[in-house]
Amino acid sequence: GLYPFDIETGRILIGWGSDAGQLGYAYGGGWRNFGPTPQIDTWHHIAFQCDGSKVSLYLNGTQYETIQSYVHRAIGGNITFGSRYSMDQNYFPGMLDEVRISTVVRSADWIWACWKNQGDNRSFITYEDIIQREPMGTIYIFW
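Going by my numbering, the first residue of the sequence shown is number 107, and it counts up by one from there.
Okay, here's the thing in structure tokens:
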């Protein structure tokens, strides 16, 4: 398999299974598939969500295939991006950008908006030509 994400304690390992050829995760000592492997060598937005007793995977803003059962366990320890934590192998051959870990369960709409906010699309955000350049200015940031 190829693994973009691994948590050492409580073990959640997300990856492309090389034997099954499917996108899934390892949990509780076994591999669980969500569905067929998405197209390789193509940019994808992936969100993996644990919510009570179920696990969902979103691919490009849409829930991907089946929801899997999940028994809540505390997770922690070291986190590895781009390979398995426990082995010097199974490196993910692609690039990872803007990885987020959240302790809040996000809605399907929030996940869709995150996907649409990335990449080249005109249905969510537009980019216009610069009309006039200014030599100086002020940027205000509020939170």
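Heads up, the beta-carbon is just placed ideally off N, CA and C, and yes, glycines get one too.
Would you please state the rounded distance, in angstroms, between the beta carbons of Y176 and S159? I believe it to be under 8 Å. What you label residue 176 is simply residue 70 of the sequence shown in a count that begins at 1. What you label residue 159 is simply residue 53 of the sequence shown in a count that begins at 1. 6 Å between Cβ atoms; contact.
Could you pull the DSSP bridge partners for Q169 from this structure? Along the sequence shown, one-based indexing puts residue 169 at 63. According to DSSP, which records beta bridges pairwise, Q169 is partnered with Y164.
Using CA coordinates, which residue listed in N184, E171, T186 is at the minimum distance from R138? The sequence position of residue 138 within the sequence shown is 32, counting from 1. The option with the nearest alpha carbon to R138 is E171.
Can you tell me whether W120 is helix, strand or coil according to DSSP? In the sequence shown, the residue the question calls residue 120 occupies position 14. For clarity, residue 120 is Ile in the given sequence; the question names Trp instead. Strand.
What residue range does the beta strand (DSSP E) around I217 cover? On the sequence shown, position 111 is the one that residue 217 refers to. Element bounds for I217: not the beta strand (DSSP E) but the alpha helix (DSSP H), 214 to 222.
Excluding sequence positions up to five away, which residues of its chain have a Cβ less than 6 Å from the Cβ of A153? Locating residue 153 in the sequence shown gives position 47, where the first residue counts as 1. So the qualifying residues of the chain are Y164, I217.
Could you pull the start and end residues of the beta strand (DSSP E) that L129 belongs to? Sequence index remark: in the sequence shown, residue 129 carries index 23 (1-based). Run containing L129: 128 to 133, per the beta strand (DSSP E) assignment.
Can you pull the DSSP bridge partners for W137? On the sequence shown, residue 137 is found 31 positions in, with the first residue counted as 1. For W137, which the question treats as bridged, DSSP gives the partners A132.
Work out the CA separation of L129 and P144 for me, nearest whole Å. The residue you call residue 144 lines up with position 38 of the sequence shown. The residue you call residue 129 lines up with position 23 of the sequence shown. In a straight line, the C-alpha of P144 is about 8 Å away from that of L129.
Hey, quick one: how far does the beta strand (DSSP E) through Q145 stretch, first residue to last? On the sequence shown, residue 145 is found 39 positions in, with the first residue counted as 1. That residue, Q145, is in no beta strand (DSSP E); it is neither H nor E in DSSP.
Between Q155 and V161, is the Cβ-Cβ spacing less than 8 Å? Taking the first residue of the sequence shown as position 1, residue 155 is located at position 49. Taking the first residue of the sequence shown as position 1, residue 161 is located at position 55. Yes, Cβ-Cβ distance for Q155 and V161 is below 8 Å.
Going along the chain, which residues of its own chain have a beta-carbon closer than 8 Å to the beta-carbon of E204, five neighbours each way excluded? One-based indexing of the sequence shown puts residue 204 at position 98. Correct list, in chain order: Q224.
Among S213, A219, C220, which one has its Cα closest to the Cα of D157? Here residue 157 refers to the residue found at position 51 of the sequence shown. Checking every option, the nearest Cα to that of D157 belongs to S213.
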